[in-house]
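Position in the sequence shown (from 1) plus 10 gives the number in this note's numbering.
Built from N, CA and C at the ideal position, the CB exists for glycine as well.
Remember, predicted model here, so these are calculated numbers, not experimental data.
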Amino acid sequence: MNCIFCKIIQKEIPSTIIYEDEHTLVFMDIAKDVDGHMLAIPKKHVKNILDCDTETLHHLMNTVQKVSQHCIDCGYDGVNLLNASGESAGQSVPHFHIHIIPRKHQDGIDAWPHFNGALTHPEILFQLLKM
Ligand code: 5GP
Ligand code: ZN
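Pasting the structure below:
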């Protein structure tokens, strides 16, 4: 499969591995866009949360929690967890990944998306989205 993250898992291309276990891998993002930017991925190739089975999701989120706690143990105060599922959401690599960004008080990092303001009445969206 021509998937860059599968190649990272297979060690066919190098990465800076933070954590690895039987089901998951966490490595540094190559972007150098923010300090400490990590990616947590399942070793099983699934595209995103929409096609991820419960067991794989469980393994991935366990690892995300473990690494997040590790960040706190290393002296950070919190983490941002980011995910894009689907091209419309901005997903650029089609192998499920959670971005982990360690945070400190007043670190000056703006990790929250800048929205343009809601366009549709909340009641209409509630009727559309309620389950
Ligand atoms: P997305 O836009 O899909 O949410 O995030 C994909 C992320 O993968 C980006 O932050 C990008 O920098 C990272 N990335 C893409 N290719 C590589 C690579 O070969 N190695 C590493 N370590 N990260 C990569
Ligand atoms: Zn893959």
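C84 has its CB no nearer than 7 Å to any heavy atom of the ligand ZN. Under the three-state reduction of DSSP output, I14 falls in the helix class. Placement of the Cβ of F37 at a distance of 7 Å or more from every heavy atom of the ligand ZN is found.
The Cβ atoms of N93 and I111 do not sit closer than 8 Å to each other. Relative to the ligand ZN, even the nearest heavy atom lies 7 Å or more away from the CB of C62.
Contact between the stretch 123-136 and the stretch 56-70 is not established, with fewer than three Cβ pairs separated by less than 8 Å. Only residues of its own chain outside the window of five on either side were considered, and among them F37 have a CB closer than 6 Å to the CB of I27, listed in chain order. In the three-state DSSP reduction, H68 falls in the helix class (H, G or I). When C-alpha distances from V103 are compared across K21, I59, I82 and T130, the shortest belongs to I59.
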